[in-house]
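Participant: So the sequences go chain by chain: E and X. Per this note's numbering, the very first residue in the first sequence carries number 1032; after that it's consecutive. Per this note's numbering, the very first residue in the second sequence carries number 65; after that it's consecutive. Just so you know, even glycine gets a beta-carbon here, dropped at the ideal spot from N, CA and C.
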Amino acid sequence: AQSVTQLDSQVPVFEEAPVELRCNYSSSVSVYLFWYVQYPNQGLQLLLKYLSGSTLVKGINGFEAEFNKSQTSFHLRKPSVHISDTAEYFCAVTPSGGYQKVTFGTGTKLQVIP
Amino acid sequence: GAGVSQSPSNKVTEKGKDVELRCDPISGHTALYWYRQSLGQGLEFLIYFQGNSAPDKSGLPSDRFSAERTGGSVSTLTIQRTQQEDSAVYLCASSQGQGMDGYTFGSGTRLTVV
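Below is the structure:
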């Protein structure tokens, strides 16, 4: 079985500063990795995904993430955050190849401070 | 439809009553998923549909929970004899195929059992 750990439950950051949201996963097989964002009272929206190939993936809203197999990590980064980035961010993992349920982390609340 | 639609958006029910939550996925999406999101926790997988069949219902927490999908489209999650611990946001998502492109989530149904 796979698991996801998001160590930071909350991350405060000043507007226009860079941010990194950490995600570590555990799996005995190769995986697909995802980051989702959830704005208040809304469902989750896909930010980006890693399936294979380049380990640096770019997503919407200026976010990017880097897959590091040796460290089993998939940290999310943005060089300069905006107030509108205030939301909860979820990392998710699923074994590659065929259907396997997606396992989500517990989320990280990003609070952008003006 | 243009997105995943869930109804009702909010539901308050008395302990012991039955509730039905509805999900209308994106047209053409063959896969449909139900997750539960409790305060301070991540998303808990409940059930996966491929077409009208449910090959993975391993996440249903008890026999009070059941779900069906008809016509390869609308799904209903039923909770019988609701308990206070059932209070949560119930999220529905759909995807093409087996979800390598990620899921599209609805806005959820917030269930409160009093």
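Count Cβ pairs between the stretch 1067 to 1074 of chain E and the stretch 164 to 173 of chain X that sit closer than 8 Å; are there 3 or more?
Facilitator: As far as the Cβ criterion goes, the stretch 1067 to 1074 of chain E touches the stretch 164 to 173 of chain X, which means the pair count is three or higher.
Participant: If the criterion is Cβ atoms closer than 8 Å, does the pair V1133/E and A1118/E meet it?
Facilitator: Numbered from its first residue, the first sequence carries residue 1133/E at position 102. Numbered from its first residue, the first sequence carries residue 1118/E at position 87. In this structure, A1118/E does not lie closer than 8 Å to V1133/E by Cβ.
Participant: Considering D88/X, what are the terminal residues of the beta strand (DSSP E) in which it resides?
Facilitator: Counted from its first residue, the second sequence places residue 88/X at position 24. Counting along the chain, the beta strand (DSSP E) containing D88/X begins and ends at V83 to D88.
Participant: Does DSSP put N116/X in a helix, a strand or coil?
Facilitator: By 1-based counting over the second sequence, the position of residue 116/X is 52. If DSSP states are grouped into helix, strand and coil, N116/X belongs with coil.
Participant: Can you list the residues of chain E that G166/X reaches, using a CB-CB cut of under 7 Å?
Facilitator: The sequence position of residue 166/X within the second sequence is 102, counting from 1. Those within 7 Å of G166/X in chain E are F1065, L1077 and K1080.
Participant: Listed from N- to C-terminal order along the chain, which residues in the stretch 1082 to 1103 of chain E have their beta-carbon within a distance smaller than 8 Å of any beta-carbon of chain A?
Facilitator: The structure shown has no chain A; the protein chains it does contain are E and X.
Participant: Is the separation between the beta-carbon of R145/X and that of R133/X shorter than 8 Å?
Facilitator: Sequence index remark: in the second sequence, residue 145/X carries index 81 (1-based). Sequence index remark: in the second sequence, residue 133/X carries index 69 (1-based). Going by C-beta atoms, R145/X is not nearer than 8 Å to R133/X.
Participant: Starting from the Cα of Q147/X, find the closest Cα among N74/X, V83/X, S71/X and G123/X and give me that residue.
Facilitator: Position 83 of the second sequence holds residue 147/X. Nearest option by C-alpha distance: V83/X.
Participant: With distances taken from CA atoms, which of C156/X, P72/X, T168/X and V138/X is nearest Q101/X?
Facilitator: Stepping through the second sequence from its first residue, residue 101/X is reached at position 37. Considering only alpha carbons, the answer is C156/X.
Participant: Check each candidate in L85/X, G80/X, P72/X and I90/X and name the one with the smallest Cα separation from A66/X.
Facilitator: To locate residue 66/X, count along the second sequence from 1; it is residue 2. Closest option to A66/X, Cα to Cα, is I90/X.
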